[in-house]
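So the sequence shown is numbered by this note's numbering: it starts at 3 and just counts up by one.
Here a beta-carbon is modelled for each residue, glycine too, at the ideal position from N, C-alpha and C.
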Amino acid sequence: MEQRFSNESIDLVTLREFCEQEGEAVMYRKGDQLEREGDPARWLAYVTEGCFKYVTHGLSDDREHITWFSFEGEFVVDYPAYLYAHPARTSIVAMMPSRVLRVTGEQMKQYFSQNIETMEFRAVIAEHILNQFHSRYIDLHRATPRERYDLLMQRCPGIVEHLDLQDIASFLNVHPNTISKIRRDITFEGRRQ
Numbered sequence: 003m004e005q006r007f008s009n010e011s012i013d014l015v016t017l018r019e020f021c022e023q024e025g026e027a028v029m030y031r032k033g034d035q036l037e038r039e040g041d042p043a044r045w046l047a048y049v050t051e052g053c054f055k056y057v058t059h060g061l062s063d064d065r066e067h068i069t070w071f072s073f074e075g076e077f078v079v080d081y082p083a084y085l086y087a088h089p090a091r092t093s094i095v096a097m098m099p100s101r102v103l104r105v106t107g108e109q110m111k112q113y114f115s116q117n118i119e120t121m122e123f124r125a126v127i128a129e130h131i132l133n134q135f136h137s138r139y140i141d142l143h144r145a146t147p148r149e150r151y152d153l154l155m156q157r158c159p160g161i162v163e164h165l166d167l168q169d170i171a172s173f174l175n176v177h178p179n180t181i182s183k184i185r186r187d188i189t190f191e192g193r194r195q
């Protein structure tokens, strides 16, 4: 499935250090929004504690759809909307009490405009995000619901402690009954071993 947007996937130490030096430390309670869908996107943040989910709504039924997660040690952002304060495409919601170091789009644009290396770094970030979403799109087509569930559990082993069945089903683009069946199958397989 998608790769983590973290220090392990590409060299983002520089970006993390920028957030540590220039960013504002902010605590979010469970349910607080870092960004609100439709409002100007404002923040890129490094998650030092907790996790966030990206939520959008259906065009005709207003149902919530979870499209992404950001965990401790990762960055949370509606990129590139936040660079230009364009309307956020998703709401970014704390799934638990969370702490971030956040910087504005204006701060980031100033950083990127410093020299050719920082401009190249901007391209690397954009390419990485594109690759993440491309991988997720491909997996929605080629992986079975069970395979997508297994890939999510590999990426985020403790996620089931923070999400209900509805949220996992939404992210995997399946019905909640499918997640229940997958969990039953896993439990049954564990008993046979």
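For residue 109, there is no enclosing beta strand (DSSP E); the residue is part of the alpha helix (DSSP H) that begins and ends at 107-114. Pairing residue 95 with residue 32, the inter-Cα distance amounts to about 8 Å. If you check the CB distance, residue 105 and residue 21 come in under 8 Å.
Within the DSSP bridge table, the entry for residue 29 names 101 as partners. With a cutoff of 8 Å on beta-carbon distance, residue 141 and residue 153 are scored as near each other. DSSP lists 73 as the bridge partner or partners of residue 53.
Inter-residue distance for residue 173 and residue 55 is about 10 Å (C-alpha atoms, whole angstroms). Taking a C-beta distance under 8 Å as the contact criterion, residue 43 and residue 77 do not qualify as a contact pair. Annotation for residue 94: the continuous beta strand (DSSP E) segment containing it runs 93-96. Proximity to residue 151 across 38, 186, 41 peaks at 186, based on C-alpha coordinates. Nearest in C-alpha terms to residue 57, of all of 45, 63, 70, 51, is 70. Classified as buried, residue 90 has 16 or more neighbouring CB atoms from the shown chains inside 10 Å of its CB.
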